[in-house]
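Here is the structure we will look at, set down as structure tokens.
2 protein chains.
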Amino acid sequence: MRLTEKKITAMLRQRGYKLTPQRQAVLNVIALSHDHLTPASLYERVHQEHPGIGLVTIYRTLAILAELGLICEMHAGGNCRSYLLRRPSGHHHHLICSQCGGVVDFTDCDLGELEKRLSAETGFDIEGHLLEFSGLCPSCQRTASA
Amino acid sequence: MRLTEKKITAMLRQRGYKLTPQRQAVLNVIALSHDHLTPASLYERVHQEHPGIGLVTIYRTLAILAELGLICEMHAGGNCRSYLLRRPSGHHHHLICSQCGGVVDFTDCDLGELEKRLSAETGFDIEGHLLEFSGLCPSCQRTASA
DNA sequence: TAGGTAAATGAAAATTCTTTTCAATTCCAA
DNA sequence: TTGGAATTGAAAAGAATTTTCATTTACCTA
Ligand SMILES: [Zn+2]
Ligand SMILES: [Zn+2]
Ligand SMILES: [Zn+2]
Ligand SMILES: [Zn+2]
Chain A
1 MRLTEKKITA MLRQRGYKLT PQRQAVLNVI ALSHDHLTPA SLYERVHQEH PGIGLVTIYR
61 TLAILAELGL ICEMHAGGNC RSYLLRRPSG HHHHLICSQC GGVVDFTDCD LGELEKRLSA
121 ETGFDIEGHL LEFSGLCPSC QRTASA
Chain B
1001 MRLTEKKITA MLRQRGYKLT PQRQAVLNVI ALSHDHLTPA SLYERVHQEH PGIGLVTIYR
1061 TLAILAELGL ICEMHAGGNC RSYLLRRPSG HHHHLICSQC GGVVDFTDCD LGELEKRLSA
1121 ETGFDIEGHL LEFSGLCPSC QRTASA
């Protein structure tokens, strides 16, 4: 069990959510994974170890984690329902490998200047931004060139 | 009929697609709209003028437009199936009003430096990026403060 | 300017994907 | 322990999207 998972279980309890074995199993898979997971792929992984756990529980657990802000939503590959454990707690973005789905976080997006300029040019009151980079991770680059 | 729509019908023909009244109606709505539209909202608008046109045709037309690269996919609001006519033909991004859905394009994202830095730090071979700003357009700001 | 033909259409059925319902079970604070 | 609210899985319901198919239509060619 990782530190991140401990923190999460604490947060769950804090909000009155129970810590069931099913949730632990789902959390474990999410916490240990470094790629983004769809409900279906998460279910697949969880199901291997715990065949009793249903897809409904996956959806419900994802809803709770999203509510608590513990997971990040990914958009790579045109999929709006792919999630990753939130690792840096503050503002950050993701670099996603288009081959293996691996994700690396980065925190300094430096979009302040651009935002100011756009705001001035368009009159928009800018509230937020979505930024993601995609490419090939070092490991997948080797595979590709082999 | 706008210039953009003329170009589009030409591209359609070029690829062997027929120019049916149904497609013209769908194109017309997309070309004249400045907000992003989901298949359902597009259907709703098209249906008002042309009640015979079915939702299936909307989906099929969207698929063609996407294939030809004539529409942009939006991610704001967690919806991966919201589209907008592609206005600048080159690389560009969007500024989206979270209230009315209006979209403004901008072309100079200046992410080259950041991309270089991330590439050096992570070893990723970066292929592309997704960038969207969201906020309130001038008109919706007035409504909000009233 | 017909006529032939491949493409397109709409309705309905079939697939996904996601949420709701509900009875049975389980966590956990007292 | 035990009471009670929260959670679970199965099944049903609902929403979104795709496929199927018989019929119609655009548009190239003669
Ligand atoms: Zn990779
Ligand atoms: Zn940022
Ligand atoms: Zn607006
Ligand atoms: Zn860009």
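Residue numbers (the numbering used here), protein chains in the order written: chain A, 1 to 146; chain B, 1001 to 1146.
Where a beta carbon is used, it is the ideal one built from N, C-alpha and C, also for glycine.
Here the structure is a predicted model, which is why all the values come from computation and not from measurement.
Cβ of Pro1039(B) less than 8 Å from any chain A Cβ? no
Ser33(A) lies in the beta strand (DSSP E); which residues open and close that run? Where Ser33(A) is concerned, there is no enclosing beta strand (DSSP E), given that its DSSP letter is neither H nor E.
Does DSSP classify Leu1055(B) as helix, strand or coil? helix
Does the beta carbon of Glu1067(B) come closer than 8 Å to any beta carbon on chain A? no
Ser1134(B) to Glu127(A), Cα distance in whole Å? 6 Å
For Met1(A), count the other beta carbons within 10 Å of its own beta carbon; 16 or more makes it buried, fewer makes it exposed. Which is it? In this prediction, Met1(A) has a pLDDT of 42, which is less than 50 and means its spatial position is unreliable; what the coordinates show is noted afterwards. By the 10 Å Cβ count, Met1(A) comes out exposed.
Which residue wins for smallest C-alpha separation from Gly1123(B), given the options Glu132(A), Leu130(A), Leu118(A), Leu136(A)? Leu136(A)
Would you say His1091(B) faces chain A, with C-beta separation under 8 Å as the test? no
Consider the C-beta atom of Gly1102(B) and the heavy atoms of ligand 3; say whether any pair is separated by less than 7 Å. yes
N- and C-terminal bounds of the beta strand (DSSP E) containing Ser82(A): 82–85
With DSSP collapsed to three states, give me the class of Cys1097(B). strand
When you check each C-beta in the stretch 117–139 of chain A against every C-beta of chain B, which residues fall closer than 7 Å? Leu118, Thr122, Gly123, Phe124, Asp125, Ile126, Glu127, Gly128, His129, Leu130, Leu131, Glu132, Phe133, Ser134, Gly135, Leu136, Cys137, Pro138
What are the start and end residues of the beta strand (DSSP E) that includes Leu1114(B)? First-last for Leu1114(B): 1112–1122, but that is the alpha helix (DSSP H), not the beta strand (DSSP E).
Any beta-carbon of chain B closer than 8 Å to the one on Gln141(A)? yes
Just by C-beta distance, which residues in the stretch 1013–1040 of chain B are closer than 9 Å to chain A? none
For Gly1102(B), which of helix, strand or coil comes out of DSSP? strand
Which partner residues of Leu136(A) appear in the DSSP bridge assignment? Asp1125(B)
Measuring straight from C-alpha to C-alpha, what distance separates Thr107(A) and Gly54(A)? 35 Å
Check whether the stretch 1094–1101 of chain B and the stretch 1137–1146 of chain B are in contact - that is, three or more C-beta pairs closer than 8 Å. yes
Measure how close the beta-carbons of Val1026(B) and Ile1058(B) come, nearest whole angstrom, since I'm counting them as under 8 Å. 6 Å
Does Met1001(B) have its Cβ less than 8 Å from a Cβ in chain A? At Met1001(B), the pLDDT of 43 sits below 50, so the modelled position is not reliable; the number obtained from the coordinates is stated separately. Not closer than 8 Å to any Cβ of chain A, the Cβ of Met1001(B) fails to qualify, so no.
Taking the alpha-carbon of Glu67(A) as reference, which of Arg86(A), Leu111(A), Ser145(A) has the nearest alpha-carbon? Arg86(A)
So what does DSSP say about Leu1012(B), is it helix, strand or coil? helix
Looking at chain B, is there any beta carbon in it that lies within less than 8 Å of the beta carbon of Ser98(A)? yes
Beta strand (DSSP E) segment containing Cys1072(B), residue limits: 1071–1074
How is Leu19(A) classed by DSSP in three states: helix, strand or coil? coil
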